[in-house]
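As C-alpha cells, the structure follows; a few thoughts come after it.
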Amino acid sequence: MASPRFLLLFTTLSLTVSSAISGSVVEDLANLQPPSDFNTTIMKNCQHNPSLRYCNSSSMDLKEIFKFTIVASHLCNESKNPNCVHSFDNIDLRNRPKMAPLYLSYSFFWKYCPLTVLSIDLSNISLKGSFPKEVICCEQIQALDLSLNGLTGEFPIESFAPLTNLTFLNLSYNYFSESKISDSQFFKRFNDSSFIHSGILPSDRNYTIKAILLLVGFPISVILMAVCFGWLCFQRPDYLPRMFQRKHKFTPSMLRAATNGFSRKNQMVRSEGVEIYKGTLRDSTQVRIEIYRGCISREKRKEFVEECKVLVELCHKNLVQVLGWCRTRNQRAIVTEWTDGETIEMWLSGSAPPWKQRLKILIGVVDGMRYLQEHWPEVVYDLRINSVLLADNHEPLLSRFQVGDQYSNNKKIHKFGIFLLEIITNRRSQEFERGEAGLIGHVRDNYPENLHRVIDARMKLPENMFDQAKHGIELGLMCTDQSISKHPSLNQISHMINKVYESCLELAPQNHKRSHGDGVNALERIEDDFLVTAVVGKDSSNG
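In C-alpha cells, the structure reads:
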C-alpha cells in the first residue's frame, strides 16, 4: 500500500485518461480543470500528511494545486525515477536545454515542491541570466547541480541559509560575479571543486594579473604622480596647496596663463625690451606684469632676484605692492598689484583738481618717501608725475622701484621739488628745451611778481590759497636750489605740507585769514631757517 505522502499522486493518476502523461498535456495546463471531488481528495491528503506544502498555505488554490500534481507526475517520469507511484526523489533535467526552461517557469510547482525530492540536476541546459531562485523553494534537497551553464550576476549566499540538508553543490563553469563566499560559513560546507571556473572565487590567473598590475602599475602610478607633482612645483605651483607654494616666485607658465598667453588684449604697453601686461592670477587677483626681454649674465640674474626679495617686503599705503618676480635666462618679470587708477599726469590734465586735492597727493607722496628712507634707504623709485599712480581712493602710489644707492638724499629732495612744481604749475619738464632746468628757470623768472603766470589758473584760487600755492612754489625752489648746502628734510617737508593742508581745511569766510596765516607762518619759519643756514654756509666757505 502506498504511503499517505503519495496519496495525492495516486489520486491524480487515477483521474487522468492515461497513466502516461504526454508533453502536450503539460503545455496545455491552462485548459485543465480539477475534477469535482478534488477538494475532498486534498483534504484527505492533508489529514494523512499535514506537512505537505499546500496544506500549510494560507489559502488553497485548487486549480493551482491540480496543475502542480500534473507537472509533478510528468517531471517525475521525465527524471527517470524508478517508481513514481511510490517515490519522487530526483529532478533530473541535465542536457535538456529545451525542456528545462519550461519546468523552471512553473512557479506553482516549485512553490509546492514535493517533500520527497532530494536531488536537483540542472547542469548543461544552457541556462542564462541570474541564479534560478525557484529551486531554493525545495528546502529539503541534499544535492544541487547547476554546472556548465551561463549564469551571471551575484550568487545569493543568503538565500541558501534554509537549505540545511544540502551536502553537494556544483556551480562550476558559470559566470557569477566574484564574491567573498570564501569568508562565509556557507563555503566551509563544500570544497573548491564546487566552484571551479564559476567566477565566484578569484582564480589564480586573476590573482596573477592583479599581482602584475600591482607590481607594475603601482610604481608607474607613483612615477606619474611624482612627475605631475614636479611639473606643478616647477611650472604651475599655484595649483598646489598654499603650504607647498613658493612665495613670491612666479613661473613663465603662471604668467602665460594669467595673460591668456601674453595676448594683445592683455598687453598695455610695449617698447624696446619692455612689455607690460594686465593679468589675472588663479586666485582672481589682478596684477601688472612688467617683462624685460633679453639675455643677461648669471650674476645679473642673481642680482635681480636679490633686489626682488627686498621689493616684496615693501608695505605702505602709498607704495605699489610688489607681489613677486619671475626669472629665466631670456626674460625677467616683476609682478605688482594692478591699479585701475590713472597717473598723476593724466589726473592733472583731465580733471583740473583743486588745490586741496593736490595737497593731499603731496602728503601721500612724502609719506611714501619717508617710509622708504626710514626702512629701506637702499630702494629708489621713479618720482615723476607720469610714474606716480593714483589709486581708486585717490591715494598716490610710488612705483618702479630699484635697489641700490643710486640717489643721495639731496637728489631725492631735488626730484620731489620738481614733482611739487609740476603739481602746482601743471607744466612738464619735458615741455622745456633744457628739461628740469628749464622748468626751474621758468618758475624763477616769474617769482614772485608774476606767479599768476606760473600757478595753474584752472584752480581759481582765492587770495589766501594763492598765497599758500606761492609758498609751495618757494618750497619747490628751495628743494631744487643747488647753491645751498642743506635742503629741507622729508620730515620738515611733511610738517610744512600737512600744516598747509590743515589750514586749507579750516578756511572759512569768518576766520580764513587767521587759518591762512597759520599755514603761511609755518612755511615762512622753515624758509627763514634755511636762509640762515645758507648764509652761514656761504660765510664759512668765504672765511
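Under mature numbering (1 follows the signal peptide of the UniProt record, and there is no 0), the letters of the sequence shown match residues -22 to -1, 1 to 521, in that order. Where is the CB? At the ideal position from N, CA and C, for every residue including glycine. Here the structure is a predicted model, which is why all the values come from computation and not from measurement.
For residue i, the residue or residues it bridges with in DSSP
i      : result
GLN264 : THR258
ASN68  : SER97
ASP123 : ASP99 and ASN148
ILE312 : GLU268 and TRP303
VAL381 : VAL357
ARG248 : GLU253
LYS225 : Bridge partners of LYS225: none, in fact.
PRO374 : LEU368
Local Cβ density within 10 Å of residue i, reported as buried at 16 or more and exposed below that
i           : result
MET21       : exposed
GLU250      : exposed
MET437      : buried
ASP507      : Below a pLDDT of 50, predicted positions are generally treated as unreliable, and ASP507, at 47, falls in that range; no measurement from the model is reported.
LEU192      : exposed
SER101      : buried
ARG310      : buried
residue 524 : Here the chain comprises residues numbered -22 to 521, so residue 524 is not present and cannot be evaluated.
PRO466      : buried
GLY195      : exposed
GLY342      : buried
CYS206      : exposed
For residue i, three-class secondary structure by DSSP
i           : result
ILE174      : coil
ASP318      : coil
CYS54       : helix
GLY302      : strand
TYR153      : strand
PRO355      : coil
TYR349      : helix
GLN25       : helix
SER231      : helix
THR18       : helix
THR47       : helix
GLY131      : strand
LYS438      : coil
LEU30       : coil
LEU398      : helix
LYS106      : strand
LEU289      : helix
LEU297      : strand
ARG279      : helix
MET443      : helix
LEU337      : helix
ARG214      : coil
PRO197      : helix
MET203      : helix
PHE138      : helix
residue 541 : The chain is shown from -22 up to 521; residue 541 falls before or after that span and cannot be answered.
PRO426      : coil
Within 7 Å, strictly: CB atoms of residue i and residue j
i      : j      : result
VAL432 : VAL288 : no
PHE164 : ILE135 : yes
ILE396 : PRO374 : no
TYR255 : ASN244 : yes
VAL313 : GLY328 : no
PRO387 : GLU323 : A quick correction: the sequence has Asn, not Pro, at residue 387. Taking 7 Å as the Cβ cut-off, ASN387 and GLU323 do not qualify as a contacting pair.
ARG348 : LEU468 : yes
ARG279 : ARG305 : yes
ARG336 : ILE401 : yes
SER75  : ILE114 : At residue 75 the sequence reads Pro, which differs from the Ser that was named. Contact: no.
ASP345 : ASN296 : yes
TYR32  : TYR90  : yes
VAL357 : LEU350 : yes
ALA236 : GLY208 : no
GLY128 : SER108 : no
GLU253 : ILE274 : no
TRP333 : LEU439 : yes
CYS62  : ASN55  : yes
SER377 : VAL298 : yes
SER157 : SER125 : no
Quiz item: If you pair each beta-carbon of the stretch 94 to 103 with each one of the stretch 58 to 71, do three or more pairs fall below 8 Å?
Solution: yes
Quiz item: Does the stretch 304 to 318 come close enough to the stretch 448 to 462 that 3 or more CB-CB pairs lie under 8 Å?
Solution: no
Self-check item: Stretch-stretch touch, CB-based, cutoff 8 Å, three pairs: the stretch 115 to 125 with the stretch 139 to 152
Solution: yes
Exercise. Report yes or no: do three or more beta-carbon pairs, one from the stretch 392 to 407 and one from the stretch 351 to 362, lie closer than 8 Å?
Key: yes
Quiz item: Hey, is the stretch 6 to 19 in contact with the stretch 37 to 44, meaning 3+ C-beta pairs nearer than 8 Å?
Solution: yes
Self-check item: Given 8 Å, three or more beta-carbon pairs between the stretch 462 to 479 and the stretch 411 to 425
Solution: no
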